[in-house]
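First comes the structure, then the notes that go with it.
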């Protein structure tokens, strides 16, 4: 209903303005060109968001200061905090970044919007900006005519910049012409009433134009033409900042819970910043005067002073909110909950399939893969690794020296939700199907039962490992922290290799590949044991730390071994009934140990040569 009334009202207001004033046409056209330019730039940057932007975002948000910097730089380049927000929400939903990193980007994006004020006030109003717009548009259109998606993307960006410049030019010309005919400053409101009224106008303008950049540009051009007072322009800038929260809320309606939390953080930040700016506006103005004088801004250059003010209150907002970020994340996660999570249920099992042995075996095979897929997520999060990192090509070795991101997960609850019902159904189904199936299915069902049991055993080993991992991977002792990170990397590496084998259909290839993983895992375990002995001798860890490392090293070996056995059992279960892969297809335990010892001997010899 509101949308049906709102749009016709805007049309009527615009039609009346066009009818009564030619200068209003220039201003409205300037706003339209400015908004269209922003849309063009968004379209252009989307051409780069398929690879380059994602890799940049993933590498630039592992620290809070990097998240802030990314938000500032990306918004400065794109001149669109909304596009940055959309990209951030998509990565947050895909678990490439956490909520804290996403909020950091949003904080940085708010700082990045201040660059628009500086560009307009310091450049757009001081030169004939339309002269630059024309050649930029020409080159942009030429690039748009090319076949390469990246070159077209660059063309959209150039066209967007050209229309932005033209929009600023038309707004400046429109307000300059108004100065000779109408004095809008007669409608200025002094004091608190003026602050509140023009803050509300700024909010409404941003909601209508869906762009705080456009509101700020309109305010600066009106201020330059003397059509709005300095005090009222400050209130418009504050309102424009707060108005973006309405856009964020509207955009989060169809988003998942992560998007809603990020939008809520956006609202909290902008509202808190706006309220602080209004309450402390007099002290802020004194700071603006001091800074303006310090950098050589003229006393009557109110447009640049507005840019200083806009930057100042956003910087203060970030300085206040960043220390509160952990509390904000906890608050959002506690008070914004997703829909109640029902336990994951079997997808492929049915009583009817029990009548057909071949269908029954395929059904439980698929259900075991379903169980394993759920277990992968639990195990990855249990060792503080994101699934998206494991299934990427990013080198995990640098994680050795880093304090891991703490992924909040209740393994008992997630086991009950994602594993228990499927596991119970699988074991019951296997027992009933095996009893009714011909003898040639016996090995197949035995392997499927083994795969299910080893999956659960791997999760239990993860639960034991996580207790100390949560503490010691963040310990002040760098040697202890490194060894616990080594456990994490070993588990993550095995998950990555086993995940890659899911793409292979040939069970023989899978079994041969598993032998390589077994040898590498045993070699890594031997290296970890030798490292613990070395740390004890050098007295860089305490006896309590050493005991924990030895016990958790055993849990890591158990976890890795169980995962390998799951894939081994599934490979054997994928064989047609009656066909069995002989044990000679896999290396025996003694052979694996012998190869690992040789690898250790070579490594020790190389280490001895290095010491000599």
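Residue numbers (the numbering used here): 11 to 622. Using N, Cα and C, we set each Cβ at its ideal position, and we do this for glycine too.
In the same chain as residue 200, and ignoring 5 residues on each side of it, the C-beta atoms closer than 8 Å to its own belong to 241, in chain order.
With a cut-off of 8 Å on Cβ pairs, the segment 524-531 is not in contact with the segment 422-437, counting fewer than three such pairs. With contacts defined as CB atoms closer than 8 Å, residue 163 and residue 213 fail to qualify as a contacting pair.
Scanning its chain for C-beta atoms nearer than 7 Å, with the 5 sequence neighbours on each side dropped, one finds around residue 541 the residues 493, in chain order. At least 8 Å separates the beta-carbon of residue 44 from that of residue 317. The DSSP-derived three-state label of residue 587 is coil. About 36 Å separates the CB atoms of residue 386 and residue 331; that is not less than 8 Å, and the two are not in contact. Under the three-state reduction of DSSP, residue 527 is assigned to helix. With a cut-off of 8 Å on Cβ pairs, the segment 493-504 is in contact with the segment 475-484, counting three or more such pairs. Taking the Cα positions, residue 168 is about 12 Å away from residue 46. About 6 Å separates the beta carbons of residue 458 and residue 374, which is inside the 8 Å limit, making them a contact pair. Taking residue 462 as the centre and dropping the five residues before and after it, the same chain places the C-beta of 378, 381, 433, 436 and 437 closer than 7 Å to its C-beta, in chain order. Secondary structure of residue 514 (DSSP, three-state): coil. For the pair of segments examined, the segment 145-160 was found not to touch the segment 26-43: the number of CB pairs separated by less than 8 Å stays below three.
Residue 481: member of the alpha helix (DSSP H) spanning 452-482, first to last residue. The alpha carbon of residue 440 has as its nearest neighbour, out of 567, 24 and 361, the alpha carbon of 361.
Here DSSP, grouped into helix, strand and coil, assigns residue 371 to helix. Membership of residue 397 in the alpha helix (DSSP H) is indicated by the continuous run 397-400. Below 8 Å, too few C-beta pairs join the segment 148-157 and the segment 24-32 to call them touching: fewer than three. A residue is called buried when at least 16 other Cβ atoms come within 10 angstroms of its Cβ; residue 166 meets this threshold and is buried. Excluding residues up to 5 positions away in sequence, 406, 407, 409 and 410 lie with their Cβ nearer than 8 Å to the Cβ of residue 499 in the same chain.
In chain order, 205, 208 and 209 place their CB closer than 6 Å to the CB of residue 245, counting only its own chain and leaving out the 5 sequence neighbours on each side. Going by DSSP, residue 300 is part of the alpha helix (DSSP H) stretching over 291-305. Judged by beta-carbon spacing, residue 114 lies beyond the 8 Å limit of residue 87, meaning their Cβ atoms are not closer than that value. Between residue 400 and residue 505, the gap from beta carbon to beta carbon is short of 8 Å. The residues 354, 428, 429 and 432, in chain order, have a CB closer than 8 Å to that of residue 384 in the same chain once the five nearest residues on each side in sequence are set aside.
The residues 415, in chain order, have a CB closer than 7 Å to that of residue 108 in the same chain once the five nearest residues on each side in sequence are set aside. For residue 203 and residue 288, the gap between their C-alpha atoms comes out near 12 Å. Assignment of residue 356 by DSSP, reduced to helix, strand and coil, places it in the coil class.
Our two residues, residue 322 and residue 294, have alpha carbons roughly 8 Å apart in a direct line. Contact annotation: residue 468 and residue 417 have beta-carbon atoms that are not nearer than 8 Å.
Sorting 174, 270, 269 and 281 by C-alpha distance to the C-alpha of residue 228 places 174 at the top. Per the coordinates, the alpha-carbon of residue 141 lies some 23 Å from the alpha-carbon of residue 32.
Between residue 577 and residue 511, the C-beta gap is smaller than 8 Å, which places the two residues in contact.
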